[in-house]
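> Residues in the sequence shown are numbered consecutively from 9, following my numbering. Before anything else, here's the structure in question.
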Amino acid sequence: MGGSVNDRRRYTSPARREQARKTRRAILDAAHRLFAEKGYLATSVEDIAREAGVARPTVFTSVGVKSQILKEVIDLTLAGDDEPVPVRERPWFREALEEPDPHRMLRLHARNMRMMYARCADVYCAVESAAEADPDVGALWQAMQRWRLMGSRFVAESLAGKTRLRDGYDADTVADMLWSIATPMVYRKLVRERGWSPEQYERWLADLLCRALLPD
Numbered sequence: 009m010g011g012s013v014n015d016r017r018r019y020t021s022p023a024r025r026e027q028a029r030k031t032r033r034a035i036l037d038a039a040h041r042l043f044a045e046k047g048y049l050a051t052s053v054e055d056i057a058r059e060a061g062v063a064r065p066t067v068f069t070s071v072g073v074k075s076q077i078l079k080e081v082i083d084l085t086l087a088g089d090d091e092p093v094p095v096r097e098r099p100w101f102r103e104a105l106e107e108p109d110p111h112r113m114l115r116l117h118a119r120n121m122r123m124m125y126a127r128c129a130d131v132y133c134a135v136e137s138a139a140e141a142d143p144d145v146g147a148l149w150q151a152m153q154r155w156r157l158m159g160s161r162f163v164a165e166s167l168a169g170k171t172r173l174r175d176g177y178d179a180d181t182v183a184d185m186l187w188s189i190a191t192p193m194v195y196r197k198l199v200r201e202r203g204w205s206p207e208q209y210e211r212w213l214a215d216l217l218c219r220a221l222l223p224d
């Protein structure tokens with residue numbers, strides 16, 4: 009005879025989990041497109057459900073309310089996938105931190121910024137534009153600034169441990185400089201508005217950081 013009811017449930021649960029993951033990803037991808045195109049405030053949960061091809065209640069059960077959807081979209085676009093691995097533990101981020109040559113390290117950092125901002129710059133700017141109008145988005149925006157500064161500090165401390173810095177800068181100063189220069193907003197202005205290629209942005213940022221932070 010066939011297995012027990014519990015056996016059948018155990019057998020089907022991986023398929024159900026995979027379907028739930030696909031549904032969740034479809035919702036997040038739809039929200040990403042709409043937030044980038046229309047902005048956060050102009051996008052409704054109904055819009056997201058329609059774009060994802062799911063029922064409105066499914067959006068809430070799979071992800072949550074609209075502000076939670078926005079946070080999940082940010083997490084997804086920063087990391088590049090939905091695996092539960094922090095950005096600082098990603099191989100491409102670790103590669104830059106562990107690179108012994110400071111010039112090469114900064115060029116890898118510029119590459120990483122180009123990769124991330126190609127995915128997240130539009131929705132990042134959507135968060136900024138909605139931050140004053142929505143308290144939940146405002147809190148998320150402030151958290152995003154703290155996350156970005158933390159990432160800049162990881163890079164700055166690693167760089168300071170490898171070389172003497174230009175003009176006597178310390179790691180805190182370098183972290184502030186990275187945080188203020190290598191922003192999604194600058195990427196968006198140069199690539200989306202001024203027509204630079206992502207590769208051109210990467211070269212510009214790498215050259216700028218090497219000149220600004222490393223001694224001659």
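We treat Cβ as the ideally placed atom computed from N, Cα and C, and that holds for glycine. Note that the structure is predicted; figures quoted are calculated from it, not measured.
(1) Tell me whether L221 sits in a helix, a strand or coil according to DSSP, three-state version.
(2) In this structure, how does DSSP classify T66 when only helix, strand and coil are distinguished?
(3) Please list, in chain order, all residues of the same chain as K79 whose beta carbon is under 7 angstroms from its beta carbon, the five residues on each side excluded.
(4) What do you get for A23, buried or exposed, if any count of 16 or more other CB atoms within 10 angstroms of its CB means buried?
(5) Does the Cβ of T51 have 16 or more other Cβ atoms within 10 Å, making it buried, or fewer, making it exposed?
(6) Is it buried or exposed for V73, if we count other Cβ within 10 angstroms and need 16 for buried?
(7) Would you kindly check if the distance between the Cβ of P206 and the Cβ of A126 is under 7 angstroms?
(8) At what residues does the alpha helix (DSSP H) containing P143 begin and finish?
(9) Between the alpha carbons of S75 and D144, how many angstroms are there, rounded?
(10) Quick check on the burial criterion: 16 or more other C-beta atoms within 10 angstroms. Buried or exposed for A141?
(11) Answer with buried or exposed for P192, where buried requires no fewer than 16 other C-beta atoms within 10 angstroms of its C-beta.
(12) Taking the beta carbon of S70 as the centre, do at least 16 other beta carbons fall within 10 Å, making it buried, or is it exposed?
(13) Distance, Cα to Cα, T85 vs E97?
(14) Look up S188 in the DSSP assignment and say whether it is helix, strand or coil.
If we stick to the structure as given:
(1) It is helical.
(2) Residue state, collapsed to three classes: helix.
(3) L148
(4) exposed
(5) buried
(6) exposed
(7) yes
(8) 143 to 168
(9) Our two residues, S75 and D144, have alpha carbons roughly 6 angstroms apart in a direct line.
(10) exposed
(11) buried
(12) buried
(13) 15 angstroms
(14) helix
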